[in-house]
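**Student:** The structure follows.
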Amino acid sequence: MTAATETDRALVDRVAKGDRAAVRLLFMRHHARVYRFVARQTGSEMMADDIANEVFLELWRQAPGFEGRSEVSTWLLGIARFKALSFLRKKKEDWIDDEAAAAVPDGADTPEVVTMKEDKAAALRRFVDTLPEEHRVVIDLAYYHGQSVSEIGEVLD
99 MTAATETDRA LVDRVAKGDR AAVRLLFMRH HARVYRFVAR QTGSEMMADD IANEVFLELW
159 RQAPGFEGRS EVSTWLLGIA RFKALSFLRK KKEDWIDDEA AAAVPDGADT PEVVTMKEDK
219 AAALRRFVDT LPEEHRVVID LAYYHGQSVS EIGEVLD
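Residue numbers (this note's numbering): 99 to 255.
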């Protein structure tokens, strides 16, 4: 099995056995998604980078206890959510900064597509910001991260 075809669960099993290369592969696969999620949660790109890195340190620590009841990506987003909420409780800052979330580059799109996405995202974010926090998290996980209802339930547990 090559690194490109090895499943995330198999990589977590390798991490549980102390394989640093497996952590690097999982980092490469999931860092951008975790970073974007945390940036939206905290409104701080600098803190998002720190927290995203902490998520992968936590992966290293918790890999032996991973039971595989959810997808690895869902598990990582759950860890990210907990760490972001801890940060927000400590800092008592606002929920999100639209400009910081929109500033995360998407290299695959043309500038026109990026502008359209940013406009749509800003409009959606303005609406979502009027919702209670528990509803905002659900919308964020479903809309921005494509999580299923069951995966969202697992992240929120």
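Note that the Cβ used here is the ideal one computed from N, Cα and C, for glycine as well.
Taking the Cβ atom as the reference point for each residue, do residue 173 and residue 164 lie within a distance shorter than 8 Å?
**Tutor:** In the sequence shown, the residue the question calls residue 173 occupies position 75. In the sequence shown, the residue the question calls residue 164 occupies position 66. Taking 8 Å as the Cβ cut-off, residue 173 and residue 164 qualify as a contacting pair.
**Student:** I want to know whether the stretch 216-231 touches the stretch 144-153 - three or more CB-CB distances under 8 Å.
**Tutor:** Cβ pair count under 8 Å is below three, so no.
**Student:** In terms of residues, what are the limits of the alpha helix (DSSP H) holding residue 213?
**Tutor:** In the sequence shown, counting from the first residue as 1, residue 213 sits at position 115. Where residue 213 is concerned, the enclosing alpha helix (DSSP H) stretches over 209-226.
**Student:** Out of 210, 179, 106, which one is the CA nearest neighbour of residue 122?
**Tutor:** The sequence position of residue 122 within the sequence shown is 24, counting from 1. It is 106.
**Student:** Given a cut-off of 8 Å on the beta-carbon distance, is the pair residue 183 and residue 253 in contact?
**Tutor:** Working through the sequence shown from its first residue, we reach residue 183 at position 85. Working through the sequence shown from its first residue, we reach residue 253 at position 155. No, they are not a contact pair.
**Student:** Applying the criterion that 16 or more other CB atoms from any shown protein chain within 10 Å of the CB defines a buried residue, is residue 142 buried or exposed?
**Tutor:** Indexing the sequence shown from 1 puts residue 142 at position 44. When all chains shown are included, residue 142 counts as buried.
**Student:** For the stretch 138-193, list the alpha helix (DSSP H) runs that are entirely contained and at least 4 residues long, ordered along the chain.
**Tutor:** Here the runs fully enclosed are 143-160, 170-189.
**Student:** Measure how close the beta-carbons of residue 238 and residue 138 come, nearest whole angstrom, since I'm counting them as under 8 Å.
**Tutor:** As a position in the sequence shown, residue 238 is number 140, starting the count at 1. As a position in the sequence shown, residue 138 is number 40, starting the count at 1. With 8 Å as the limit, residue 238 and residue 138 qualify as a contact, their Cβ atoms being about 6 Å apart.
**Student:** For residue 147, is the beta carbon positioned less than 7 Å from some heavy atom of the ligand NAD?
**Tutor:** Looking at this structure, you won't find the ligand NAD or any other ligand, since it has none at all.
**Student:** Nearest to residue 168 by alpha carbon, out of 114, 227, 110, 241?
**Tutor:** The count along the sequence shown starts at 1 and reaches residue 168 at position 70. Of the candidates 114, 227, 110, 241, the one whose C-alpha sits nearest the C-alpha of residue 168 is 110.
**Student:** According to DSSP, is residue 255 part of a helix, a strand, or is it coil?
**Tutor:** For the purposes of this step, residue 255 is identified with residue 157 of the sequence shown, where counting begins at 1. The answer is coil: DSSP assigns residue 255 none of H, G, I, E or B.
**Student:** At the level of alpha carbons, what is the spacing between residue 249 and residue 222?
**Tutor:** Counting from 1 along the sequence shown, the entry for residue 249 is found at position 151. Counting from 1 along the sequence shown, the entry for residue 222 is found at position 124. Approximately 22 Å, taken between the alpha carbons.
**Student:** Would residue 125 and residue 243 be called neighbours here (beta carbons separated by less than 8 Å)?
**Tutor:** Taking the sequence shown and counting its residues from 1, the one referred to as residue 125 is at position 27. Taking the sequence shown and counting its residues from 1, the one referred to as residue 243 is at position 145. Not a contact, by the Cβ cut-off of 8 Å.
**Student:** Could you say which of 241, 235, 129 lies nearest to residue 215 if we only look at CA atoms?
**Tutor:** If you number the sequence shown from 1, residue 215 lands on position 117. Of 241, 235, 129, the residue nearest in Cα terms is 241.
**Student:** Who are the near neighbours of residue 54 in its chain, counting only those whose CB is closer than 7 Å to its CB and skipping five residues on each side?
**Tutor:** The first residue shown for the chain is 99 and the last is 255, placing residue 54 beyond what the model contains.
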